[in-house]
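Structure first, then comments.
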Amino acid sequence: MGPAGGRSALHEDGPWMPPEGRVSVKQAWRGTSGSEVFSRRPDARAPVPCSPPTRCSGRVNGDPIPRHRRDGTVGCCSGSEGRSQGQKRPAPDTGRRKVRPVGGFSALLRVIPQLRGRGGTGRPNAPTERPMALLRDAPRERRRTRITCRVQAKKEQPLPPAASQSIPAFYFPRGRPTDTLHVDAVISKIERTFAQFPHERATMDDMGRVAKACGCPLYWKGPLFCSAGGERTGSVSVHKFVAMWRKILHNCHDDAAKFLHLLMNPGCNYLVQEDFVPFLQDVVNTHPGLAFLKEASEFHSRYITTVIQRIFYTVNRSWSGRITCAELRRSTFLQNVALLEEEADINQLTEYFSYEHFYVIYCKFWELDTDHDLLIDSQDLARHNDHAVSTKMIERIFSGAVTRGRKVQKEGKISYADFVWFLLSEEDKRTPTSIEYWFRCMDLDGDGALSMFELEYFYEEQCRRLDSMAIEALPFEDCLCQMLDLVKPQSDGKITLRDLKRCKLANVFFDTFFNIEKYLDHEQKEQDSESEGPELSDWEKYAAEEYDILVAEEAAAEPWEDGYEAELSPVEQKLSSLRSPLAQRPFFEAPSALGAVDLYEYACEDDDLPPS
Numbered sequence: 001m002g003p004a005g006g007r008s009a010l011h012e013d014g015p016w017m018p019p020e021g022r023v024s025v026k027q028a029w030r031g032t033s034g035s036e037v038f039s040r041r042p043d044a045r046a047p048v049p050c051s052p053p054t055r056c057s058g059r060v061n062g063d064p065i066p067r068h069r070r071d072g073t074v075g076c077c078s079g080s081e082g083r084s085q086g087q088k089r090p091a092p093d094t095g096r097r098k099v100r101p102v103g104g105f106s107a108l109l110r111v112i113p114q115l116r117g118r119g120g121t122g123r124p125n126a127p128t129e130r131p132m133a134l135l136r137d138a139p140r141e142r143r144r145t146r147i148t149c150r151v152q153a154k155k156e157q158p159l160p161p162a163a164s165q166s167i168p169a170f171y172f173p174r175g176r177p178t179d180t181l182h183v184d185a186v187i188s189k190i191e192r193t194f195a196q197f198p199h200e201r202a203t204m205d206d207m208g209r210v211a212k213a214c215g216c217p218l219y220w221k222g223p224l225f226c227s228a229g230g231e232r233t234g235s236v237s238v239h240k241f242v243a244m245w246r247k248i249l250h251n252c253h254d255d256a257a258k259f260l261h262l263l264m265n266p267g268c269n270y271l272v273q274e275d276f277v278p279f280l281q282d283v284v285n286t287h288p289g290l291a292f293l294k295e296a297s298e299f300h301s302r303y304i305t306t307v308i309q310r311i312f313y314t315v316n317r318s319w320s321g322r323i324t325c326a327e328l329r330r331s332t333f334l335q336n337v338a339l340l341e342e343e344a345d346i347n348q349l350t351e352y353f354s355y356e357h358f359y360v361i362y363c364k365f366w367e368l369d370t371d372h373d374l375l376i377d378s379q380d381l382a383r384h385n386d387h388a389v390s391t392k393m394i395e396r397i398f399s400g401a402v403t404r405g406r407k408v409q410k411e412g413k414i415s416y417a418d419f420v421w422f423l424l425s426e427e428d429k430r431t432p433t434s435i436e437y438w439f440r441c442m443d444l445d446g447d448g449a450l451s452m453f454e455l456e457y458f459y460e461e462q463c464r465r466l467d468s469m470a471i472e473a474l475p476f477e478d479c480l481c482q483m484l485d486l487v488k489p490q491s492d493g494k495i496t497l498r499d500l501k502r503c504k505l506a507n508v509f510f511d512t513f514f515n516i517e518k519y520l521d522h523e524q525k526e527q528d529s530e531s532e533g534p535e536l537s538d539w540e541k542y543a544a545e546e547y548d549i550l551v552a553e554e555a556a557a558e559p560w561e562d563g564y565e566a567e568l569s570p571v572e573q574k575l576s577s578l579r580s581p582l583a584q585r586p587f588f589e590a591p592s593a594l595g596a597v598d599l600y601e602y603a604c605e606d607d608d609l610p611p612s
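For the sequence shown, full-length UniProt numbering assigns the number 1 to the initial residue and increments by one for each residue that follows.
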């Protein structure tokens with residue numbers, strides 16, 4: 001059959017060619033037409049012209065010739081054996097990637113010269129390696145070579161500078177570092193100060209001068225002395241102190257980080273309540289405003305406990321019981337510590353150290369603690385301010401909602417430390433901590449929002465108490481509208497902690513639901529007008545009023561004698577009233593002057609006294 005038949009025997013001249021104008025099936029499969037077909041190897045940079053697909057013509061120089069199969073693989077046959085004898089096709093090598101078909105015998109002729117450099121003999125008839133294997137491996141070798149070259153070229157390109165290299169450091173958890181010259185100057189000044197002491201050793205009395213040489217406030221002397229090991233030995237050598245302070249200067253670069261490092265336990269990065277005891281004990285022993293307490297050492301622990309609770313109440317905003325360096329840096333505590341040196345009257349430092357505030361808190365607690373075991377139960381706490389706080393709120397306080405995990409509950413009782421938190425929150429509901437305190441108590445389900453059900457739960461008792469006082473209570477719906485207008489919550493149907501902190505009248509909101517006395521005061525009086533000068537907080541107003549009342553009551557309770565000093569100072573009056581029962585009480589059971597005095601009974605019997 002001629003060439004037009006398409007299926008005749010192979011020509012003697014070479015492979016069979018399709019007639020002009022017609023496209024073979026394999027050409028259509030390749031997507032090309034005509035007499036020239038381009039291979040589509042992915043590793044080829046440019047199309048390589050190949051011979052048209054051909055039938056297998058047997059052997060060339062004794063070697064099998066590759067033949068394209070319909071499934072895209074490459075096979076071999078020898079003459080007429082390929083189809084007639086039904087020889088099984090070899091199993092594909094699954095460990096190698098499939099090779100895309102290449103074009104005919106001419107492609108093989110182009111590959112053979114490249115294979116001579118791979119260890120072949122250079123002769124087409126060499127039996128050392130089958131051409132089929134060489135053809136299958138050749139494209140892989142070329143691809144690997146190009147990829148390697150491309151990777152090496154990419155490595156040679158210089159990397160762009162990292163973005164962090166162009167941004168200056170802005171986060172300094174221990175303060176911004178200082179230069180080395182400043183550190184050396186401070187160490188030299190400390191060494192000159194120690195040279196003035198006998199044997200270059202400083203005692204606790206000398207630590208004030210050392211603290212000033214370090215550039216610290218005066219009342220850092222206690223923590224400096226203890227941190228250098230002076231508490232164990234009674235004195236500190238210059239070498240040990242310089243080594244300790246140099247380490248602090250290299251690691252801590254601001255006052256907050258230094259103070260925390262001096263007080264904290266080794267391995268910690270926070271302060272707990274016990275860490276403040278040595279520092280505050282030194283303040284009690286050496287501050288001129290607390291000199292009268294030297295003769296009443298039994299009250300040292302009560303004053304220190306009160307100051308510690310006020311520190312954590314104001315500084316520890318996370319309610320974790322651990323003061324971090326960030327919390328200390330954001331607070332005003334270190335500024336108040338520095339003012340201890342400048343202010344001789346301790347009562348002027350009302351935020352933490354005021355003795356008058358301590359006296360008011362301790363007397364209020366002692367009035368409620370009838371058995372004087374320094375623990376009060378719910379019935380004792382309910383008597384505060386003539387049962388002003390509702391019973392439901394008292395139950396919430398004893399439920400553990402505001403105890404922060406401390407050991408404050410013992411058979412349904414709370415300690416003096418928790419009473420400090422209660423009184424500070426009750427008398428000043430504008431501070432962030434007090435808002436959080438009462439919000440925790442009112443949030444019955446702990447979902448972080450006050451629902452209308454929770455508000456109605458507390459308001460029901462207020463209505464009953466108003467009815468018992470013959471006062472018409474406002475319906476809950478009307479009261480709720482007023483409170484929503486007051487707070488202006490962002491979400492409908494609930495009030496969040498953020499809403500109450502944004503509201504400037506959070507005290508009115510809380511008193512409406514659980515303090516009957518203050519609720520009536522808010523209803524009867526108008527809002528206070530703005531006064532000139534710095535305005536006192538609600539707690540400072542309360543503490544000043546209560547202190548004057550307590551001093552007046554104590555003065556009235558004292559019997560008048562001929563040798564009485566009319567110009568006795570208030571501090572001496574407090575000490576004289578507290579001094580008498582001290583010898584009869586253990587350390588932790590020191591009562592106040594009002595503990596065993598009934599003022600009303602004493603007033604009634606005043607006229608019956610025999611004349612002197």
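We treat Cβ as the ideally placed atom computed from N, Cα and C, and that holds for glycine.
Keep in mind the model is a prediction, meaning the values are calculated, not measured.
Expressed to the nearest angstrom, what Euclidean distance is found between the alpha-carbon atoms of residue i and residue j?
{"i": "His-250", "j": "Ile-397", "result": "46 Å"}
{"i": "Thr-332", "j": "Glu-454", "result": "36 Å"}
{"i": "Ser-301", "j": "Gly-215", "result": "30 Å"}
{"i": "Pro-278", "j": "Met-204", "result": "12 Å"}
{"i": "Lys-494", "j": "Lys-504", "result": "18 Å"}
{"i": "Arg-329", "j": "Lys-525", "result": "39 Å"}
{"i": "Glu-589", "j": "Ala-169", "result": "Confidence at Glu-589 is low in this model, with a pLDDT of 37, below 50, so its placement is unreliable and the value that follows should be read with caution. Each residue's alpha carbon lies about 54 Å from the other."}
{"i": "Gln-335", "j": "Pro-266", "result": "25 Å"}
{"i": "Phe-513", "j": "Gln-462", "result": "7 Å"}
{"i": "Glu-517", "j": "Leu-466", "result": "10 Å"}
{"i": "Ser-468", "j": "Leu-484", "result": "27 Å"}
{"i": "His-372", "j": "Ser-491", "result": "47 Å"}
{"i": "Thr-233", "j": "Ile-187", "result": "22 Å"}
{"i": "Ala-557", "j": "Val-242", "result": "56 Å"}
Measure the CB-CB distance between residue i and residue j and report whether it falls below 7 Å.
{"i": "Lys-413", "j": "Phe-510", "result": "no"}
{"i": "Ala-228", "j": "Lys-221", "result": "no"}
{"i": "Leu-375", "j": "Ser-415", "result": "yes"}
{"i": "Tyr-219", "j": "Val-283", "result": "yes"}
{"i": "Val-360", "j": "Ala-555", "result": "no"}
{"i": "Glu-356", "j": "Tyr-519", "result": "no"}
{"i": "Phe-458", "j": "Lys-392", "result": "yes"}
{"i": "Arg-322", "j": "Tyr-270", "result": "yes"}
{"i": "Val-236", "j": "Ala-202", "result": "yes"}
{"i": "Asn-507", "j": "Ala-388", "result": "no"}
{"i": "Pro-288", "j": "Ala-344", "result": "yes"}
{"i": "Val-402", "j": "Arg-440", "result": "yes"}
{"i": "Gly-175", "j": "Asp-254", "result": "yes"}
Keeping to the same chain, check which residues put their C-beta closer than 8 Å to that of residue i; ignore five residues upstream and five downstream.
{"i": "Tyr-313", "result": "Val-420, Trp-421, Leu-424, Thr-433"}
{"i": "Pro-489", "result": "Ile-495, Thr-496, Asp-499"}
{"i": "Cys-479", "result": "Tyr-459, Thr-512"}
For residue i, which residues of its own chain have a beta-carbon under 7 Å away from its beta-carbon, when the five flanking residues on both sides are left out?
{"i": "Val-238", "result": "Glu-191, Phe-194, Glu-200"}
{"i": "Glu-427", "result": "Asp-538, Trp-539, Tyr-542"}
{"i": "Thr-350", "result": "His-357, Glu-540"}
{"i": "Leu-368", "result": "Ile-376, Asp-380, Leu-381, Arg-383, His-384"}
{"i": "Lys-501", "result": "Pro-432, Ile-435"}
In the DSSP assignment, the alpha helix (DSSP H) including residue i goes from what residue to what residue?
{"i": "Ile-346", "result": "Unbroken run through Ile-346: none, as it is neither H nor E."}
{"i": "Arg-396", "result": "391-397"}
{"i": "Pro-524", "result": "In the sequence under discussion, the amino acid at residue 524 is Gln, which differs from the Pro named in the question. From DSSP, the alpha helix (DSSP H) with Gln-524 extends over 516-524."}
{"i": "residue 630", "result": "Any question about residue 630 goes unanswered here, given that the chain covers just 1 to 612."}
{"i": "Trp-438", "result": "432-442"}
{"i": "His-308", "result": "Per the sequence presented here, residue 308 reads as Ile, with His not at that position. Note, Ile-308: alpha helix (DSSP H), 300-315."}
From which residue to which residue does the beta strand (DSSP E) around residue i run?
{"i": "Ala-449", "result": "449-451"}
{"i": "Lys-294", "result": "Taken as a continuous stretch (DSSP letters only), Lys-294 belongs to no beta strand (DSSP E), as it is neither H nor E."}
{"i": "Ile-495", "result": "494-496"}
Who are residue i's beta bridge partners in DSSP?
{"i": "Arg-383", "result": "In DSSP, Arg-383 forms no bridge with anything."}
{"i": "Thr-324", "result": "Tyr-270"}
{"i": "Ser-537", "result": "Answer by DSSP bridge pairing: none, since Ser-537 is not bridged."}
{"i": "Ser-237", "result": "Arg-201"}
{"i": "Ile-376", "result": "Ile-414"}
Leaving out five residues before and five after residue i in sequence, what residues of the same chain have Cβ atoms less than 6 Å from its Cβ?
{"i": "Pro-223", "result": "Leu-262, Leu-263, Phe-279"}
{"i": "Ala-449", "result": "Lys-494, Thr-496"}
{"i": "Tyr-303", "result": "Phe-358"}
{"i": "Thr-308", "result": "A small correction: the amino acid at residue 308 is Ile; Thr does not occupy that position in the sequence shown. So the list reads Gln-273, Phe-276, once near-sequence residues are dropped."}
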